[in-house]
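J.: Quick one: the structure is below, questions incoming.
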Amino acid sequence: MSLEGRAKDSRSRWRALLRERGLKCTEQRLAVLQTLETATAPLSHRDLLDRLDEYQWDSTTVFRNLVNLSEAGIVSRLDLGDHTWRFELLVTIERETPRHAHFLCISCGAIECLADFPLAETTSQLHFAVGRRSIDDVLVKGRCTICVKN
Numbered sequence: 001m002s003l004e005g006r007a008k009d010s011r012s013r014w015r016a017l018l019r020e021r022g023l024k025c026t027e028q029r030l031a032v033l034q035t036l037e038t039a040t041a042p043l044s045h046r047d048l049l050d051r052l053d054e055y056q057w058d059s060t061t062v063f064r065n066l067v068n069l070s071e072a073g074i075v076s077r078l079d080l081g082d083h084t085w086r087f088e089l090l091v092t093i094e095r096e097t098p099r100h101a102h103f104l105c106i107s108c109g110a111i112e113c114l115a116d117f118p119l120a121e122t123t124s125q126l127h128f129a130v131g132r133r134s135i136d137d138v139l140v141k142g143r144c145t146i147c148v149k150n
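Residue numbers 1 to 150, in my numbering, belong to the letters of the sequence shown in order.
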């Protein structure tokens with residue numbers, strides 16, 4: 001299938017998922033979902049606006065869409081301790097993606113998904129260590145390989 005064909009297929013699957021979750025299918029929501037789908041790490045509202053710059057959409061509209069997608073369980077809203085919300089997909093057009101830990105570089109601020117550490121398994125081990133508290137997110141801080149080399 002061509003790149004254009006895959007993009008159309010992706011859009012039709014996102015449309016179906018939005019309807020399934022009770023949301024209107026708007027161009028803004030589709031663009032936000034497709035942008036998050038291609039991201040390799042969670043994106044801030046500003047990151048999304050920069051990537052969607054060609055559309056010249058109002059920042060409030062994009063933020064409201066992110067909140068609606070989060071409330072519908074399609075997008076996860078993360079607070080990594082720097083007072084900036086970041087967003088990533090909880091659901092892809094094929095399947096639900098497990099919630100996972102994240103790595104934050106304390107030198108350059110780079111964020112990386114630690115997909116090999118799904119929260120369901122990671123938190124079961126942490127519950128023992130912290131006394132069965134509710135754990136919603138796991139954040140590992142350190143220095144990324146680029147910063148370690150420098």
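The beta-carbon is built from N, C-alpha and C at its ideal position, and this holds for glycine as well.
Only a predicted model underlies this, so the values are computations on that prediction, with no experimental measurement involved.
1. Are ARG86 and ILE111 closer than 8 Å when you measure CB to CB?
2. Measuring only the C-alpha atoms, how far is GLY235 from VAL91?
3. When the distance is taken between beta carbons, is LYS149 closer than 8 Å to SER104?
4. For the putative contact between LEU18 and ARG29, defined by C-beta atoms under 8 Å, what is the C-beta separation to the nearest angstrom?
5. When the Cα of HIS102 is compared with those of ARG143, ARG13, GLN34 and GLU20, which residue comes out closest?
6. Rounded to whole angstroms, what is the Cα-Cα separation between LEU36 and LYS24?
T.: So, from the listed chains and residues:
1. Sequence index remark: in the sequence shown, residue 86 carries index 86 (1-based). Sequence index remark: in the sequence shown, residue 111 carries index 111 (1-based). In contact: ARG86 and ILE111 (Cβ atoms closer than 8 Å).
2. Residue 235 cannot be examined here, being either before or after the span of the chain that is shown, 1 to 150.
3. Translated into positions along the sequence shown, residue 104 becomes position 104. Translated into positions along the sequence shown, residue 149 becomes position 149. At residue 104 the sequence reads Leu, which differs from the Ser that was named. No, they are not a contact pair.
4. Looking up residue 18 in the sequence shown gives position 18. Looking up residue 29 in the sequence shown gives position 29. Yes, LEU18 and ARG29 are in contact; Cβ-Cβ is about 6 Å, under 8 Å.
5. One-based indexing of the sequence shown puts residue 102 at position 102. The candidate whose alpha carbon is nearest that of HIS102 is ARG143.
6. To locate residue 36, count along the sequence shown from 1; it is residue 36. To locate residue 24, count along the sequence shown from 1; it is residue 24. Cα to Cα, LEU36 sits roughly 18 Å from LYS24.
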